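Reviewing the structure listed below.
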Amino acid sequence: MLGLILCYGVAWPQGSLVLVGEISGVINPVLADYLEKLLQDALQSEAKLVVLLIDTPGGLEESMRKMVKSILNSPVPVAAYVYPRGARAASAGTFLVLAAHYAFMSENTTLGAAHPVTVEGEAVGEKIVNDTAAFIKTLAETRGRNPEVAEKMVRESLSLGEKEALSSGLIDGIAVSLEEVVEKVLSTLKEVKIVRVPLSGRERILHALLNPSLAYLLLVLGALGLIFELSNPGAIVPGVFGSICLLLAFYAFSVLPVNVAGVIFILLGFAFLALDLWVTPGIGALTVGGAISLFLGSLTLFDVRKVGIRLPLELIIFTVLGILAFFVFALSMALVAMRRKVRTGEEALKGKEGVARQVLNPEGFVIVDGELWWAESPEPVAPGEKVMVVGKKGNRLLVNKKREDEGK
1 MLGLILCYGV
11 AWPQGSLVLV
21 GEISGVINPV
31 LADYLEKLLQ
41 DALQSEAKLV
51 VLLIDTPGGL
61 EESMRKMVKS
71 ILNSPVPVAA
81 YVYPRGARAA
91 SAGTFLVLAA
101 HYAFMSENTT
111 LGAAHPVTVE
121 GEAVGEKIVN
131 DTAAFIKTLA
141 ETRGRNPEVA
151 EKMVRESLSL
161 GEKEALSSGL
171 IDGIAVSLEE
181 VVEKVLSTLK
191 EVKIVRVPLS
201 GRERILHALL
211 NPSLAYLLLV
221 LGALGLIFEL
231 SNPGAIVPGV
241 FGSICLLLAF
251 YAFSVLPVNV
261 AGVIFILLGF
271 AFLALDLWVT
281 PGIGALTVGG
291 AISLFLGSLT
301 LFDVRKVGIR
311 LPLELIIFTV
321 LGILAFFVFA
331 LSMALVAMRR
341 KVRTGEEALK
351 GKEGVARQVL
361 NPEGFVIVDG
371 ELWWAESPEP
381 VAPGEKVMVV
391 GKKGNRLLVN
401 KKREDEGK
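Have a look at this one:
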């Protein structure tokens with residue numbers, strides 16, 4: 001069955017065919033391969049047009065350039081459509097729109113903000129800005145669009161709404177639906193068949209894993225799982241769950257441009273918290289240092305200069321505070337347990353009061369807390385007389401006869 005599925009060919013409908021793809025979320029290698037395959041399918045099926053529904057905050061520069069190459073070299077015309085309402089084609093998405101043969105935007109959408117930034121959100125070097133500006137300018141000139149405004153999107157982080165983009169000469173029109181886009185581009189064709197080509201199940205999973213926020217959460221959950229497993233050997237489930245989460249996170253990090261210092265900061269933070277929990281239970285310098293390391297590592301986890309996006313500050317704060325609250329609770333419970341009176345073992349038996357079940361001369365049975373013990377006394381004890389436990393030797397209690405004035 002698996003072989004049949006892998007060998008299965010798509011039977012495209014006959015007639016004027018339009019293929020529709022979706023570029024949503026962070027631009028990454030999965031979407032780049034998806035677009036390349038979509039354009040190959042369009043060529044094989046002799047499609048008249050490929051429409052890309054775009055809603056992205058940006059993504060990897062390398063993947064964006066690969067997608068731009070695919071669009072520029074596609075024999076089948078490509079129409080970029082920023083859709084649905086409220087969508088955006090920001091950062092790397094701006095390049096895709098300008099590279100397309102036709103560009104449209106839905107109502108209440110935005111285009112632009114393609115200026116590269118550093119991890120701290122500051123401007124990068126002039127060399128990087130010039131290279132990016134030249135690239136977007138040549139794309140605009142190739143498609144007959146306004147190169148000056150396109151260049152401002154890189155140099156000045158200019159972002160435009162659909163009406164401003166149309167009046168600035170960056171797009172070909174505003175459309176309220178996919179059908180309207182197809183009608184405007186293929187106005188001479190009477191019958192057009194629109195076929196959506198979604199991401200496959202495998203592509204959807206890989207695309208989701210390459211979301212920076214999800215990769216960050218997987219790293220955090222994986223570290224917590226391993227810490228819990230090491231704290232409770234034999235629990236198994238936390239260790240298995242944590243290992244899987246860490247492997248998935250490392251897969252994402254192998255594709256996304258990760259700042260090594262950020263990963264080290266995060267792991268160091270977990271190490272500090274674990275040491276404070278295992279070695280020196282108490283809310284002290286290690287706990288504070290662990291929280292600071294987690295926060296700094298989260299801020300610098302991804303190389304923003306290459307990704308064009310960053311982890312939401314709200315997500316970082318919520319995650320760090322949640323982890324800190326968990327460890328503070330665990331440390332508090334550990335301190336309470338350490339201060340609690342011993343309830344088991346030899347220490348718990350000392351000072352307990354019992355009753356002789358038979359004559360102790362010097363040994364015999366006594367009852368302590370409802371349990372029958374073999375005991376030894378240095379002086380004779382009659383049945384029914386009270387005794388006091390003073391120690392334990394092997395499986396035998398060491399007791400003394402309790403005097404009447406002893407309790408007072």
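The numbers in the sequence shown follow full-length UniProt numbering, run straight up by one, and end at 408. Built from N, CA and C at the ideal position, the CB exists for glycine as well. Keep in mind that this is a model prediction, so the values were computed, not measured.
Which word fits residue i, buried or exposed, when buried means at least 16 other C-beta atoms lie within 10 angstroms of its C-beta?
i: K188; result: Inspection of the sequence shows that residue 188 is occupied by Thr rather than by Lys. Exposed, because fewer than 16 other Cβ atoms sit within 10 Å of the Cβ of T188.
i: N259; result: buried
i: S293; result: buried
i: K163; result: exposed
i: A134; result: exposed
i: P237; result: The residue asked about is misnamed: residue 237 is Val in this sequence, not Pro. It is exposed - the Cβ of V237 has fewer than 16 other Cβ atoms within 10 Å.
i: W373; result: buried
i: F329; result: exposed
i: V307; result: Caution applies to V307, whose pLDDT of 49 falls short of 50 and renders its modelled position unreliable; the value that the coordinates give is listed next. Buried.
i: R143; result: buried
i: A42; result: buried
i: D131; result: exposed
i: V399; result: buried
i: N395; result: exposed
Assuming contact is defined by CB atoms lying nearer than 8 Å, are residue i and residue j in contact in what I supplied?
i: V68; j: A47; result: no
i: V78; j: T109; result: no
i: F295; j: P212; result: no
i: E229; j: G222; result: no
i: A92; j: T56; result: yes
i: I174; j: L166; result: yes
i: A348; j: P383; result: no
i: V390; j: K402; result: no
i: V368; j: L397; result: yes
i: H207; j: V97; result: no
i: S16; j: V197; result: no
i: R145; j: L170; result: yes
i: G58; j: I27; result: yes
In angstroms with no decimal places, state the Cα-to-Cα distance between residue i and residue j.
i: E107; j: A80; result: 14 Å
i: F104; j: L267; result: 45 Å
i: V220; j: I264; result: 13 Å
i: L158; j: I227; result: 46 Å
i: L256; j: R65; result: 15 Å
i: E151; j: A113; result: 11 Å
i: A89; j: G161; result: 10 Å
i: T287; j: V149; result: 50 Å
i: T300; j: Y102; result: 38 Å
i: F318; j: V20; result: 38 Å
i: A291; j: L277; result: 14 Å
i: V181; j: R155; result: 30 Å
i: Y34; j: S243; result: 29 Å
i: Y251; j: K350; result: 57 Å
i: L247; j: L209; result: 11 Å
i: R202; j: L52; result: 20 Å
For the alpha helix (DSSP H) that contains residue i, what are its first and last residues?
i: Y216; result: 212–231
i: K152; result: 147–155
i: G297; result: 285–299
i: A140; result: 126–142
i: L186; result: That residue, L186, is in no alpha helix (DSSP H); it is neither H nor E in DSSP.
i: V68; result: 61–72
i: E46; result: Counting along the chain, E46 falls outside any alpha helix (DSSP H), and DSSP gives it neither H nor E.
i: L311; result: From DSSP, L311 is part of no alpha helix (DSSP H); its letter is neither H nor E.
In terms of residues, what are the limits of the beta strand (DSSP E) holding residue i?
i: A90; result: 88–90
i: A249; result: Premise fails: A249 lies in the alpha helix (DSSP H), 237–255, not in any beta strand (DSSP E).
i: G161; result: 159–161
i: E107; result: Where E107 is concerned, there is no enclosing beta strand (DSSP E), given that its DSSP letter is neither H nor E.
i: L360; result: Run containing L360: none; DSSP gives neither H nor E here.
i: A375; result: 371–376
Comparing the C-beta of residue i with each C-beta of chain B, is any distance below 8 Å?
i: A47; result: Absent from the structure is chain B; it holds one protein chain and no more.
For residue i, which of helix, strand or coil comes out of DSSP?
i: Y34; result: helix
i: N400; result: strand
i: S193; result: The amino acid at residue 193 is misidentified as Ser; the sequence shows Lys. K193 falls in the strand class under three-state DSSP.
i: N395; result: coil
i: V389; result: strand
i: L178; result: helix
i: E18; result: Note that residue 18 corresponds to Val in the displayed sequence, not to Glu. If DSSP states are grouped into helix, strand and coil, V18 belongs with the strands.
i: G234; result: coil
i: I171; result: coil
i: V76; result: coil
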